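Following: one structure in structure tokens, then a few remarks.
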């Protein structure tokens, strides 16, 4: 009898907290978790209460949420499976890059302790995803940059480390403009009053919004 997938909502909450705190360097509170999961505040408050009771996270006096050791272990396991699924979909199956996050989200819960090492071996032990995110448990995880493209001054050159993976619309834009991990960008102008950044890349000029620039991390 195949094992049934359980605790999907719990895993989604833990991985969202991990991504916001570890990958994005944000302070995590319930409202941000609700926004990321697209859930009502009351539902998230109830979920956080259960996760706190189960010893998977803690909430301090300022309502800041952090993962406990057991919560972090579970989040890293699910994030690793998600990112392995992204590599499998893009590098082996040939799925369009911008579609990989959503499809991997469907697959991650189907990867078990039996199939995970086989996928790792088949992929050649990848350390980063097609979006530039590190695999938990690899040296790349500790070398993660939190420097945003929006923080780069005019006249500076930067190399893209990773791009935000959770918005298909944004990923399609990055795909069209060929903004990917490894892309070299020259920041020509930052117009805060207009909310735009002017870039030079691949021999052409491109103007993007500051919101998009805040979803691109560059090598420190």
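In this note's numbering, the protein residues as written are 487 to 706.
C-beta: ideal position from N, C-alpha, C; glycine also.
Computed from a prediction, not measured in an experiment: that's the story for all the values here.
key: Among 705, 688, 659, nearest to residue 697 - alpha-carbon criterion   = In the chain shown, counting from the first residue as 1, residue 697 sits at position 211. Out of 705, 688, 659, 659 has the C-alpha closest to the C-alpha of residue 697.
request  = Please go through the region 620-652 and give each complete alpha helix (DSSP H) segment of 4 or more residues, from N-terminal end onward.
outcome  = 625-628, all fully within the region 620-652.
ask   = Looking only at its own chain, which residues have a Cβ that is under 6 Å from the Cβ of residue 643, when we skip the five neighbours before and after it?
value = By 1-based counting over the chain shown, the position of residue 643 is 157. Contacts found: 672.
task = Determine the burial state of residue 548: buried for a count of at least 16 other Cβ atoms within 10 Å of its Cβ, exposed for fewer.
result = For the purposes of this step, residue 548 is identified with residue 62 of the chain shown, where counting begins at 1. When all chains shown are included, residue 548 counts as exposed.
request  = Would you grab the beta carbon distance between residue 605 and residue 570 for me? Rounded to a whole angstrom, and I think it's under 8 Å.
outcome  = On the chain shown, position 119 is the one that residue 605 refers to. On the chain shown, position 84 is the one that residue 570 refers to. Here residue 605 really is in contact with residue 570; their C-beta atoms are around 5 Å apart, less than 8 Å.
query = Does DSSP classify residue 498 as helix, strand or coil?
reply = As a working note, residue 498 is residue 12 in the chain shown. When secondary structure is reduced to three states using DSSP, residue 498 falls in the helix class.
message = Cutting at 7 Å between CB atoms, please list the residues of its own chain near residue 692, excluding the five before and the five after it.
response = Indexing the chain shown from 1 puts residue 692 at position 206. Same-chain partners within the cutoff: 663, 685.
key: Secondary structure of residue 693, DSSP reduced to three states   = For this step, residue 693 is matched to residue 207 along the chain shown. Reduced to three states, the DSSP call for residue 693 is strand.
request  = Please list, in chain order, all residues of the same chain as residue 581 whose beta carbon is under 8 Å from its beta carbon, the five residues on each side excluded.
outcome  = The residue given as residue 581 occupies position 95 in the chain shown. Correct list, in chain order: 575, 589.
inquiry  = Within the continuous alpha helix (DSSP H) that includes residue 605, where are the two ends?
reply    = Taking the chain shown and counting its residues from 1, the one referred to as residue 605 is at position 119. In the DSSP assignment, residue 605 falls within the unbroken alpha helix (DSSP H) covering 602-609.
inquiry  = In chain order, what are the residue ranges of uninterrupted alpha helix (DSSP H) at least 4 long that sit wholly in the region 511-580?
reply    = List check, alpha helix (DSSP H) in window: 516-523, 527-539, 555-573.
Per-residue DSSP class, three states only, for residue 685 = The residue you call residue 685 lines up with position 199 of the chain shown. Residue 685 falls in the strand class under three-state DSSP.
task = For the beta strand (DSSP E) holding residue 654, just list the boundary residues, first then last.
result = Along the chain shown, read from residue 1 onward, the residue named residue 654 stands at position 168. No beta strand (DSSP E) contains residue 654, which is instead part of the alpha helix (DSSP H) from 654-663.
ask   = Under the rule that 16 or more other beta-carbon atoms within 10 Å means buried, what is residue 611, buried or exposed?
value = The residue given as residue 611 occupies position 125 in the chain shown. Result: exposed.
request  = Using three-state DSSP, classify residue 503 as helix, strand or coil.
outcome  = Along the chain shown, one-based indexing puts residue 503 at 17. DSSP places residue 503 in helix when its eight states are reduced to three.
key: Proximity below 9 Å, CB of residue 645 to CB of residue 624   = As a working mapping, residue 645 is identified with position 159 in the chain shown. As a working mapping, residue 624 is identified with position 138 in the chain shown. One thing to note: residue 645 has its Cβ no nearer than 9 Å to the Cβ of residue 624.
inquiry  = Alpha carbons only, please: which of 498, 496, 510, 587 is nearest the one belonging to residue 704?
reply    = Within the chain shown, numbered from 1, the residue matching residue 704 stands at position 218. 510 is the residue among 498, 496, 510, 587 whose C-alpha sits nearest the C-alpha of residue 704.
ask   = What are the boundary residues of the beta strand (DSSP E) that includes residue 677?
value = Here residue 677 corresponds to residue number 191 of the chain shown, with the count starting at 1. Note, residue 677: beta strand (DSSP E), 670-677.
request  = Go through its chain and collect everything with a Cβ distance to residue 631's Cβ below 7 Å, but skip five positions before and after it.
outcome  = As a working mapping, residue 631 is identified with position 145 in the chain shown. Its chain contains 647, 703, 704, 705, 706 as the residues whose beta carbon lies nearer than 7 Å to that of residue 631, once the 5 sequence neighbours on both sides are disregarded; these appear in chain order.
query = Is the beta carbon of residue 627 within less than 8 Å of some heavy atom of the ligand SAH?
reply = In the structure shown, the ligand SAH is absent, as is every other ligand, since no ligand is present at all.
message = Quick check on this structure: which residue in 523, 656, 622 has the alpha carbon closest to the alpha carbon of residue 585?
response = The residue labelled residue 585 in the question sits at position 99 within the chain shown. For residue 585, the closest C-alpha among the options 523, 656, 622 is that of 656.
request  = Given a cut-off of 9 Å, decide if residue 601 and residue 572 are closer than it, judged by their beta-carbon atoms.
outcome  = Taking the chain shown and counting its residues from 1, one reaches residue 572 at position 86. Taking the chain shown and counting its residues from 1, one reaches residue 601 at position 115. At a Cβ-Cβ threshold of 9 Å, residue 572 and residue 601 do not count as neighbours.
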